[in-house]
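Have a look at the structure below, then the notes.
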Amino acid sequence: MEQTKPFFDFCVPFSKDDKQMRAILNELVELGYKTIAIDQSFDHSKKDAGKRGSEMFPAPHSIEHLRKEFADKLRILQRITILYVDVNLSHAMSVSYNLRKFNLIAGQPKTDAALTHCCTTFTGDIITFDPVAGSRLSVNRKAYQVAVRRGMFFEIKYAPAIADSNNRKDMIKMAQNYSIKGKSKNIILSSGAEHEFQLRGPYDVANLAFIFGLSEDQGKNAVDRFCRQIFLRAESRRLGKTIMFVKGSGPIVFSDDDQSGAEDDEMDGLGTEMSKDVQNEEQNEIKPPIKRLKVA
């Protein structure tokens with residue numbers, strides 16, 4: 001299984017400009033991130049009506065040169081964000097071969113019905129929303145609870161809130177909806193930054209979570225523990241049923257013979273002393289006097 005280390009940023013938009021990508025990745029390294037995911041979007045609602053089969057989704061972009069360049073600094077994953085409206089997406093995802101090449105799969109619904117479907121039956125890992133039109137959607141309490149039980153996580157991007165005040169209002173409104181309907185459970189914070197100046201350090205992001213209605217622990221988990229859980233869930237989805245062999249690195253000692261023998265001797269001695277005490281008590285018991293008849 002692939003190894004990951006905190007801190008995490010699971011939404012770094014892909015750019016064809018390698019210079020821009022290197023600048024963002026270098027900034028992430030300077031800020032202290034260890035595991036990131038390069039995201040590419042796919043609008044399923046604009047798919048070709050005549051296209052059928054398993055190759056409806058695009059293949060991942062080639063980022064091997066970036067992985068080799070940052071091999072000792074960053075663990076780079078690949079993620080796809082699927083924008084969709086109808087619920088017919090499930091069949092297309094089940095037969096797609098290209099989706100298996102991505103480490104993470106995120107769903108970005110465009111309607112309330114698609115949002116409910118994303119919470120209940122979407123076979124991905126993350127539920128995200130459009131920072132511009134996300135506030136128009138409202139998740140109901142039951143769908144939120146179902147998503148939490150299924151292990152889904154809701155994503156909030158902070159970079160659009162930094163870039164535009166209108167987006168900031170929409171994101172706060174969406175985050176408050178999460179807080180009211182689900183007490184902000186299973187929330188992760190990602191950057192979604194298209195420029196290195198929009199990035200913030202993990203501790204600053206954790207403090208920024210207060211604006212979105214998250215507690216201190218929820219803010220820390222949003223950039224650390226929850227992201228690790230998403231990665232493990234995604235790996236189990238990709239690999240399916242597997243067999244694991246566990247091999248010990250050294251001898252396993254279940255008990256010490258010398259200590260056990262000494263303990264047995266102590267127990268035997270204790271039992272002998274207890275039996276002697278019981279016998280002494282029985283002998284020392286006050287016996288009733290024997291009455292004898294006197295013959296006159």
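Each residue of the sequence shown is one higher than the one before, counting from 1 in UniProt numbering.
Backbone N, C-alpha and C define an ideal beta-carbon position, used for all residues, glycine too.
Predicted model, so just to flag it, every value in this text is computed and none were measured.
- For asparagine 98, the closest C-alpha among the options Met56, Phe10, His117 and Asp72 is that of Met56.
- Per DSSP, the continuous beta strand (DSSP E) segment holding isoleucine 188 begins and ends at 187-190.
- Phenylalanine 226 and isoleucine 172 have their C-alpha atoms roughly 20 Å apart.
- Assignment of threonine 35 by DSSP, reduced to helix, strand and coil, places it in the strand class.
- Close CB contacts of glutamine 176 within its chain, under the 6 Å cut and outside five residues either way in sequence, are with Gly213 (chain order).
- Its Cα nearest to that of histidine 91, the residue Phe122 stands out among Asp164, Arg136 and Phe122.
- A direct Cα-to-Cα measurement between asparagine 167 and isoleucine 76 gives close to 28 Å.
- The alpha helix (DSSP H) runs lying completely inside the region 137-203 and spanning 4 residues or more are 141-149, 159-163 and 165-182, given in chain order.
- Look at the beta carbons and you see the region 128-146 touching the region 110-120: at least three pairs across the two are nearer than 8 Å.
- Take glutamate 155, set aside five residues on each side of it, and the residues of its chain with a beta-carbon closer than 6 Å to its own are Ile126, Thr128, Ile188 and Ser190, in chain order.
- Glutamine 218: member of the alpha helix (DSSP H) spanning 216-221, first to last residue.
- The three-state secondary structure of aspartate 43, taken from DSSP, is strand.
- Counting only the Cα atoms, serine 41 lies some 20 Å from threonine 35.
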